[in-house]
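Participant: Before we start, here is the structure in question, set down as structure tokens.
Numbering (this note's numbering), first residue to last: 379 to 724.
And the structure:
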């Protein structure tokens, strides 16, 4: 008879285990979505907060640092593969998204909100979807160079007339890493290595970030540099003496870098993650990013943009297979680029 006294207690314990299990799977009463983002927090947070206001889902944004942009959070996602903490990765470029697919860390999701986005900026298997884009541009100091004197190709930065005057961000990180992989993909190994070695031999400077490239060129410490359109726009808004060139319009074209959003495999709050992706891929988000200081190009031609933002059809994008850049970038980061940075950083 005494055994019966434990039945209610065992029932309570079983209920507690069930409830704990629900909490572990993210099925708590308060819906939550955890977003890792390599996009500048200044641009990402208002959109994340807008999602929270509209849906009532608590949105926790985890940003990356400027110096290790994309790479830091990518390594964190890889380290957490056996117990994911993030539901969504909002990447500032598609190559890091492709790395997640390569490593089996992303889940396929075809969002109905992706209607109207060009297919060439999305994974064929729906492991990532691209939207609003930046471009890799040459910026130059207009107090030191006229428009006619400015380079029209990134390859011109090895020219002796720019000796000691050119700069770029560390190619092991962020969009510069993607740009480096793109050059190897389009130019081939030998010509790409000649460019990087020629840049170093010409006194080119390796800086900590794209933002630092912007600051050095704006201050006249460097005459020319390679950075992203959002960094150029910051300098433009500040009234700095800088101008931008979308390079290689008659050759290999300009590197276009769409945002990419990924649903994480085994995400603890899977459905909330899907809802955030649906929200992020709406045309309204592209409009907001175009109007913000990020000055991003919508991939949808139907989205209106301010006068200072270029439309995608006004430039010649470099033809890239973003998924194939993922293994190439990993190889370069362990090999040539790592050795190049070690040899030339100062």
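Glycine residues also receive a C-beta, built at the ideal position from the N, C-alpha and C atoms. Quick caveat: nothing in here was measured; it's all calculated off a predicted structure.
Exposed or buried, what is residue 456 when buried is set at 16 or more other beta-carbons lying within 10 Å of its beta-carbon?
Facilitator: Counting from one through the chain shown, the residue named residue 456 turns up at place 78. When all chains shown are included, residue 456 counts as exposed.
Participant: Buried or exposed for residue 632, going by 16 or more other Cβ atoms inside 10 Å?
Facilitator: The count along the chain shown starts at 1 and reaches residue 632 at position 254. Buried, by the Cβ-count rule.
Participant: First and last residue of the beta strand (DSSP E) that includes residue 538?
Facilitator: By one-based count along the chain shown, residue 538 stands at place 160. Element bounds for residue 538: n/a, residue is neither H nor E.
Participant: Any idea which residues DSSP pairs residue 484 with across the strands?
Facilitator: In the chain shown, counting from the first residue as 1, residue 484 sits at position 106. DSSP lists 642 as partners of residue 484.
Participant: Could you say which of 655, 431, 662, 705 lies nearest to residue 490 if we only look at CA atoms?
Facilitator: Taking the first residue of the chain shown as position 1, residue 490 is located at position 112. Here the closest residue by C-alpha is 655.
Participant: Please classify residue 434: is it buried, with 16 or more other beta-carbons within 10 angstroms of its beta-carbon, or exposed?
Facilitator: As a working note, residue 434 is residue 56 in the chain shown. So residue 434 ends up on the exposed side.
Participant: Please classify residue 464 as buried or exposed, where buried requires at least 16 other C-beta atoms within 10 Å of its C-beta.
Facilitator: Counting from one through the chain shown, the residue named residue 464 turns up at place 86. Buried, since its Cβ has 16 or more Cβ neighbours within 10 Å.
Participant: Candidates 556, 699, 620: which alpha carbon is nearest residue 609's?
Facilitator: In the chain shown, the residue the question calls residue 609 occupies position 231. Residue 609 has its Cα closest to that of 620, out of 556, 699, 620.
Participant: Leaving out the 5 sequence neighbours to the left and right, which residues in its chain are closer than 6 Å to residue 630 when beta-carbon positions are compared?
Facilitator: Position 252 of the chain shown holds residue 630. Only 564, 696 meet the Cβ criterion.
Participant: In whole angstroms, what is the alpha-carbon distance linking residue 511 and residue 587?
Facilitator: The residue labelled residue 511 in the question sits at position 133 within the chain shown. The residue labelled residue 587 in the question sits at position 209 within the chain shown. Cα-Cα distance, rounded: 19 Å.
Participant: Going by DSSP, what residue range makes up the beta strand (DSSP E) through residue 468?
Facilitator: Locating residue 468 in the chain shown gives position 90, where the first residue counts as 1. Its beta strand (DSSP E) spans residues 466–469.
Participant: When you compare each of 580, 575, 607, 543 to residue 597 by their alpha carbons, which one comes out closest?
Facilitator: The residue you call residue 597 lines up with position 219 of the chain shown. Residue 543 is the option with its Cα nearest to residue 597.
Participant: How is the beta strand (DSSP E) around residue 510 delimited, first residue to last?
Facilitator: Along the chain shown, read from residue 1 onward, the residue named residue 510 stands at position 132. 507–519 is the extent of the beta strand (DSSP E) around residue 510.
Participant: For residue 417, which residues of its own chain have a beta-carbon under 7 Å away from its beta-carbon, when the five flanking residues on both sides are left out?
Facilitator: For this step, residue 417 is matched to residue 39 along the chain shown. The residues are 468, 470, 637.
Participant: Whole angstroms is fine: what's the gap from residue 681's alpha carbon to residue 498's?
Facilitator: The residue given as residue 681 occupies position 303 in the chain shown. The residue given as residue 498 occupies position 120 in the chain shown. Computed Cα separation, rounded: 18 Å.
Participant: Which residue wins for smallest C-alpha separation from residue 480, given the options 711, 701, 712, 719?
Facilitator: The sequence position of residue 480 within the chain shown is 102, counting from 1. Nearest of 711, 701, 712, 719 to residue 480, Cα basis: 701.
Participant: Got a sec, what are the start and stop residues for the alpha helix (DSSP H) residue 532 sits in?
Facilitator: Taking the chain shown and counting its residues from 1, the one referred to as residue 532 is at position 154. From DSSP, residue 532 is part of no alpha helix (DSSP H); its letter is neither H nor E.
Participant: Does the distance from the C-beta atom of residue 592 to that of residue 613 stay below 8 Å?
Facilitator: Stepping through the chain shown from its first residue, residue 592 is reached at position 214. Stepping through the chain shown from its first residue, residue 613 is reached at position 235. Yes, they are a contact pair.
Participant: Residues bridged to residue 600 by DSSP?
Facilitator: Start at 1 with the first residue of the chain shown, and residue 600 comes out as number 222. DSSP lists no partner for residue 600.
Participant: Assign residue 420 to buried or exposed, taking buried as 16 or more other Cβ atoms, counted over all protein chains shown, within 10 Å of its Cβ.
Facilitator: As a working mapping, residue 420 is identified with position 42 in the chain shown. By the 10 Å Cβ count, residue 420 comes out exposed.
Participant: Can you find at least 3 beta carbon pairs, one from the stretch 565–578 and one from the stretch 504–522, that sit closer than 8 Å?
Facilitator: In short, these stretches do not touch, since the Cβ pair count stays below three.
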